[in-house]
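The next block holds one structure in the form of structure tokens; read it before the comments.
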Ligand SMILES: [Ca+2]
Ligand SMILES: [Ca+2]
């Protein structure tokens, strides 16, 4: 009898030890916000930004103040995040095609698959990897829950662009908004009993255009009081023609259009309102977590897929290599780590995959191209000798160090900005002799090989801009 017990214990041990290890693994909650730049209270990108919930989360972990996307467009940024690979490795540079079109991107398990393989239950709602079949990435997917809608019968603005390019107050309750439904769906999952660790994603849609939010969020920002971003009149004089063509920024209206049609304050106000609304949804998710059984054993990461211009450098939206488009909010709160600290070392969304493996005590895959930022969560000022790379179309790169921002375009033109003295990136120092060694060092850190771009069936905007810039170069 005794012998049988010993044998069964031996047989069961691998199973028991797996369960034991899983019980020790933290849960993971990702709060992903679409097109959120640094207009949060804790990052200080706009003096009127109202984000009390994001700011509170920042006090519960490490706020990475120098975090950047790897591609300043939704699809390739998210592809890089969930594969842990640079666009120059996967060939995914543009809004189209989706992740599945890249053999390199699909050769190894993506972030969600890696965690489900490790015994996690993957759940999510809204936008994370970027559809059209988002449910293929999650074991339990709650749907888009309305996506970019609801839409009014007619456009609220005069913007002469695609349907999504619109803004203004909606006459609806918060409960009718997709992001509120996503927050509630995630909250319900947090109140359930789970017998395995979970990887849960709230994939919020705002403040991506259309910049619609229930009108009560607009009441926080009376239009006559809205502060406009600072713009230097001659800022673009020190940019190359290639840079100007590449970053034309379609399908956003031109900055001149916003100025001439007095639409700038309304659009800024709509972005601020959309951010305040999505911040409230973040608060709902965090309250659900606080009231759950998982409050003390859950890693929380808040991030955005890229930044956004609202007139800075006289342009709009994403699709540039300037700080306004590459910088993202990134907060990591993990059990057992110091709270309420800030880190100015350059990190990226590409670091999320290895960081999560590290935090979950899973083996960090050597093929991942990012680096775990867990050491920075213990010592935010430790030496960190890697500038973070952002790529926008092949052969156009940005490298951001703690102090400097270097950009090199496909025609060889360069920009260098000193963030110690020029946070708006107005003064291009690349041609100054004093920075020759620094620029030589940056050039050495650019990718030595680049995957050919994979072109989707449906393509425009940044691909057109890139082709036009390349045609100009070859002329
Ligand atoms: Ca986006
Ligand atoms: Ca300038």
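Residue numbers (the numbering used here): 32 to 506.
All C-beta atoms, glycine included, are put in the ideal place defined by N, C-alpha and C.
Residues of the same chain with a CB within less than 8 Å of the CB of residue 304, apart from the 5 flanking positions on each side, are 200, 242, 244, 248, 249, 251, 252 in chain order. The Cβ-Cβ distance between residue 60 and residue 331 falls below 7 Å.
Within the stretch 131-212, the complete alpha helix (DSSP H) segments at least 4 residues long are 134-138, 142-148, listed from N- to C-terminus. Ligand 2 has a heavy atom closer than 6 Å to the beta-carbon of residue 266. For residue 292, no alpha helix (DSSP H) run applies, since DSSP gives it neither H nor E. Look at residue 371 here: in three-state DSSP terms it is coil, with no helix or strand label.
As the crow flies, the alpha-carbon of residue 122 is around 5 Å from that of residue 484.
In the assembly as shown, residue 134 is an exposed residue. Its beta-carbon has fewer than 16 other beta-carbons within 10 Å. Around the beta carbon of residue 57, 16 or more other beta carbons lie within 10 angstroms, which makes this residue buried.
The beta carbon of residue 227 lies closer than 7 Å to those of 53, 150, 151, 152 in the same chain, with the five residues before and after it left out. DSSP places residue 284 outside any alpha helix (DSSP H), giving it a letter other than H or E. Per DSSP, residue 76 has no beta-bridge partner at all. Assignment of residue 242 by DSSP, reduced to helix, strand and coil, places it in the strand class. Take the alpha-carbon of residue 176 and the one of residue 272: they are about 42 Å apart. With respect to the 7 Å criterion, residue 430 and residue 476 are classified as neighbours on the basis of their beta carbons. Per DSSP, reduced to three states, the secondary structure at residue 486 is coil, with no helix or strand assignment. Boundaries of the alpha helix (DSSP H) harbouring residue 498: 493-505, taken from the DSSP string. The set of residues whose C-beta lies within less than 6 Å of a heavy atom of ligand 1 reads, in chain order, 65, 66, 105, 239, 336, 337. For the set 341, 373, 333, the Cα lying nearest the Cα of residue 362 is the one of 333. In this structure, residue 282 places its C-beta atom within 7 Å of the C-beta atom of residue 193. Scanning 229, 68, 89, 101 for the CA closest to the CA of residue 155 turns up 229. Here residue 493 is buried: its Cβ has 16 or more other Cβ atoms, across all protein chains shown, within 10 Å. Assigned with DSSP and collapsed to three states, residue 55 falls in helix. Across the structure, residue 439 and residue 102 are spaced so that their CA atoms are roughly 14 Å apart.
Beta bridge pairing from DSSP links residue 98 with 378.
Taking one beta carbon from each stretch, the stretch 80-92 and the stretch 412-431 have fewer than 3 pairs nearer than 8 Å; the two do not touch. When the five nearest sequence neighbours on each side are left out, the beta carbons in the same chain lying within less than 6 Å of the beta carbon of residue 127 are those of 487, 489, 490, in order along the chain.
Under DSSP, the beta-bridge partners assigned to residue 335 are 64. Taking a contact to require three or more Cβ pairs closer than 8 Å, the stretch 382-390 and the stretch 339-347 do not qualify as touching. One Cα belongs to residue 449, the other to residue 399, and the distance between them is close to 30 Å.
The alpha-carbon separation between residue 219 and residue 233 amounts to approximately 12 Å.
For residue 439, the pairing in a beta bridge is given by DSSP as 428, 445. Among the bridge pairs identified by DSSP, residue 341 is matched with 347. Between residue 319 and residue 217, the beta carbon gap of about 7 Å places them in contact (Cβ cut-off 8 Å).
At the C-beta level, residue 355 and residue 340 come within 7 Å of one another.
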